């Protein structure tokens, strides 16, 4: 009787059991999902910890591998120095100062009669940071008369102009940037950026749902991607940590990191990082990162000095640096700038009238490479000297500042002269491959101011100024004359040298018969005239009298490498191979009264923290007789007055320039060295394949120097007169006269002029009658 009841209980328990099993499965699923959720939360949190560590390692450490910033010369000014008003204007232009009618902000200057008012920029000099201030410089008779601070009325005994950033040594990752603190950015730039790119920057926590929704609606409405929803923080994350990959995963990672970044750092820190990081274009293979560097590339001025519409252009470029590149796409850049200005008008940052004015202005963008350019020839010297002075430390110079001797005005003038004149010479001689190089050095300090390594100055190829070793022709003659003049008992400027046909049997049995360039012989010629007219025969006779050893010693102390000095008679007229840089060192000694200052391009090197790690102290040491050097330089002034470079005299006679032309016998090389009151310039023109160019020193390199001076005004050459140098008249026979005027006056090295002069003299007219015909023609007026 119990069986039916048992069956009934079994039937009724099965559904109940199934319900229990279903509920159990649900609980297990829910528990699994909960565990999965917790694991996911833990993984997300762990990933967040990982990302947080990654962010902190970058932001709290070295955010960027910074390039090395290379600056030009720091110009130091003192009252009484030989700087004219035009000189200072040229220096200010080279430092990218702007001449205006009224000075209102740093980087501007006003010219007023004999005064210049300057609003000098703030700058971190090697010995400390200096703030911006106004200064006035007055001039008197070509000299600086007074320098005084317009803010407090105090006189300056010493004032310096901030140097120009000339180029940057690339960082290991190839990026270029300058880092500027947020406090040094103009408020207007920050306002434009935030209004245009992320209006709710100070409200969101890294991700803006409003911006994302707005972008989705705008893109949906237009049917294409016209707007992005990324905040400035997200853009910074993408630039610093991520790639440009377009994927949901990357976008989620970007948003997550943006939230972490906002939680870790202040809005000010994030904004500063963004301003210094954002990609704003390309110059060749150099990436331009950050507003400070873009400001210099595009406008040639610090970011603090940008006008409102220039700031708007840079902010506009943020949307697409390649698409809106103002160099390659000026129409697009103009349109984008005006869109930014229109946004600012709509949001009442500017009014309609100002919008109309600003939107009509041109872009004002400088040509590519106009301010920051590679300067390959000069930078090769910088790298070489950094290696010499810093050793292994030169391998890691991230963020360092290098202050050099580079003179932007001298370099620009040299570049213009070489480019323009070489093109003229190429056409005139039908030599399309004609090349050139040029070096400009300070004649007293040996500081290298400009270097041209090629007829294409910005081409990073063979640096002929440093590596182009060629025969120097008649540029080899002055050291021989200097050697002779170092012995005042035997040689003076009025010493007669033989000038007759010369035949010399060489050791190999051949007969050497050199000629003067004009193939004429004068019988005899005074030493000063032999050098002024670059005569070969008298130079060889003089060299033979002095001997190889004496002339070799002179060359060595002037910096000529011993390995190139050969015991050849032809050395006296040019058979010695030097680079333009070596020639510049040799002539620097002669131009500086026998004081040798080793050529250099470095002044200071500062590390990333602002500490000076290297400083040069320009020094000159006496290596040659100051009297002999002075007399040689005087003779080189006669080269310009009436000798082989006399074409300079009509244009620049008032500057008393010195110079020396040079060319090889087969006319393969054209040389010229020019010396004014401040500099020594050496120029070479020729072909790399050593073929004749049919140009002498006068018809080739001298024309480049003349063009250079038209862009860079010389200073009067007034070398200090050493002790025991006196000026005395000479007669027609070359003897010094104790009285009378003679045919001309020459300097002489003597302690007792009476002991070497002739007491009785004839009158000048009688002397002219007695003089040889060639001499009368030479000095007739």
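Numbering (this note's numbering), first residue to last: 96 to 876.
Just so it is clear, CB atoms sit at the ideal spot from N, CA and C, and this is done for glycine as well.
If you're wondering where the values come from, they're calculated on a predicted model, not measured in any experiment.
Assigned with DSSP and collapsed to three states, residue 209 falls in coil, not helix or strand. In the three-state reduction of the DSSP assignment, residue 801 falls in the helix class, which pools H, G and I. The three-state reading of DSSP puts residue 369 in helix, counting H, G and I together.
With contact defined as three or more Cβ pairs closer than 8 angstroms, the region 714-728 and the region 808-825 are in contact. By the C-beta criterion, the region 829-843 is judged not to be in contact with the region 541-554, since fewer than 3 inter-stretch pairs fall below 8 angstroms. Where residue 764 is concerned, the enclosing beta strand (DSSP E) starts and stops at 764-770. When the Cα atoms are used, residue 164 and residue 498 turn out to be separated by approximately 9 angstroms.
For residue 621, the three-state secondary structure derived from DSSP is strand. A residue is called buried once 16 or more other Cβ atoms fall within 10 Å of its Cβ, and residue 547 is buried on that count. Judged by DSSP secondary structure, residue 758 falls within the beta strand (DSSP E) whose first and last residues are 753-758. The criterion of a C-beta distance shorter than 9 angstroms is satisfied by residue 299 and residue 357.
The beta carbons of residue 171 and residue 254 sit closer together than 9 angstroms. The DSSP-derived three-state label of residue 843 is strand. Counting along the chain, residue 290 sits inside no beta strand (DSSP E); it lies in the alpha helix (DSSP H) bounded by residues 282-292.
With respect to residue 174, residue 261 sits apart: the two C-beta atoms are not nearer than 9 angstroms. Residue 405 sits close to residue 393, with the two beta carbons spaced by under 9 angstroms.
Annotation: the continuous beta strand (DSSP E) that includes residue 262 extends over 260-264. Here DSSP, grouped into helix, strand and coil, assigns residue 492 to coil.
Distance from the CA atom of residue 572 to the CA atom of residue 177, rounded to whole angstroms, is 31 angstroms. With respect to the C-alpha of residue 290, the residue from 193, 413, 519 having the closest C-alpha is 413. By the neighbour-count definition (other C-beta atoms within 10 Å, threshold 16), residue 785 is an exposed residue. If only complete runs of 3 or more residues are kept, the region 420-489 shows no beta strand (DSSP E) anywhere. For residue 189, the uninterrupted alpha helix (DSSP H) run begins and ends at 180-189, by DSSP. Looking only at 581, 601, 516, 712, the smallest Cα-Cα distance to residue 663 is reached by 601.
As for any alpha helix (DSSP H) of minimum length 4 sitting wholly inside the region 684-766, the runs are 721-736, 744-747, ordered along the chain. DSSP places residue 653 in the coil class of the three-state scheme, outside both helix and strand. Approximately 7 angstroms separates the beta-carbon atoms of residue 569 and residue 792; this is inside 8 angstroms, confirming the contact. By a beta-carbon distance limit of 8 angstroms, residue 372 contacts residue 335. Their separation comes to about 6 angstroms. Contact holds between the region 499-517 and the region 801-809, because three or more Cβ pairs, one in each stretch, are under 8 angstroms apart. Here residue 785 carries a coil assignment [DSSP, helix/strand/coil].
Closest by C-alpha distance to residue 216, out of 143, 607, 288, 399, is 399. Residue 564 is a Cβ neighbour of residue 659, given a cutoff of 9 angstroms. Annotation for residue 343: no residue places its beta carbon closer than 6 angstroms to its own, counting only its chain and skipping 5 residues before and after.
The region 666-681 makes no contact with the region 517-526; the number of CB pairs closer than 8 angstroms stays below 3. Secondary structure of residue 223 (DSSP, three-state): strand.
Taking C-alpha positions only, residue 850 is separated from residue 758 by approximately 40 angstroms.
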